[in-house]
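For reference, the structure discussed in these notes is given below.
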Amino acid sequence: MKWHYHIQFLNNQTRAIFETINEQLELDKARVSAIEQALEADNRNEFIIAVKDNDENPVGLLFITADTPADKVWTIDSFALAPEVQKQGLGRLLNQTIAEWAADSGANALQIKLAKTETEAAAFLTHIGYQVKTDAEIVTFQLTV
Numbered sequence: 001m002k003w004h005y006h007i008q009f010l011n012n013q014t015r016a017i018f019e020t021i022n023e024q025l026e027l028d029k030a031r032v033s034a035i036e037q038a039l040e041a042d043n044r045n046e047f048i049i050a051v052k053d054n055d056e057n058p059v060g061l062l063f064i065t066a067d068t069p070a071d072k073v074w075t076i077d078s079f080a081l082a083p084e085v086q087k088q089g090l091g092r093l094l095n096q097t098i099a100e101w102a103a104d105s106g107a108n109a110l111q112i113k114l115a116k117t118e119t120e121a122a123a124f125l126t127h128i129g130y131q132v133k134t135d136a137e138i139v140t141f142q143l144t145v
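No gaps in the numbering here: position 102 of the sequence shown is 102 in UniProt numbering, and each next residue is one more.
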């Protein structure tokens, strides 16, 4: 069976979807706190996006901050996919879509910050074209869009 995925932008009224995703993906507490604050603030430059499968089950989460026009860098604060949908091209497709959206909005780069211990995520980002911008405990990966 071929699966199709779609996205849903989340806000404070759709908080239950975020809570379901958080239970499934076990996001770290700092990211959960930032996402909860963004849901409450309804900030126009922060986007929380659920990725859902054909059956409306949430299988992923993206949290993006579109920085000020002067910076021209969008930050992907969270990019999480359930293990059962990883390694199928979905991550690459989502990243490509975000990159096009950012470029169309005037950004010239995407960045993601990871702990050095997140080696699998780092390998994925390098594989899809991100370059390491810092070499510290928190590593910044950047992709020109």
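C-beta: ideal position from N, C-alpha, C; glycine also.
Tell me, please, whether the region 107-120 touches the region 10-22 by the rule of three or more beta-carbon pairs shorter than 8 Å. Using a Cβ-Cβ distance cut-off of 8 Å, the region 107-120 and the region 10-22 are not in contact, since fewer than three pairs of beta carbons, one from each stretch, lie closer than that value.
Indicate the three-state DSSP secondary structure (helix, strand or coil) for GLY91 in the structure shown. In the structure shown, GLY91 sits in a helix (DSSP, three-state: H, G or I).
Using the three-state DSSP reduction, which class does ILE138 fall into: helix, strand or coil? If DSSP states are grouped into helix, strand and coil, ILE138 belongs with the strands.
With respect to the beta strand (DSSP E) encompassing LEU81, which residues constitute its N-terminal and C-terminal limits? Start and end: 73-81.
Looking at the secondary structure, which residues open and close the alpha helix (DSSP H) in which residue 149 lies? Here the chain covers residues 1 to 145 and nothing more, so residue 149 does not appear.
Quick check: ALA103 and VAL145, are their CB atoms within less than 7 Å of each other? A contact, by the Cβ cut-off of 7 Å.
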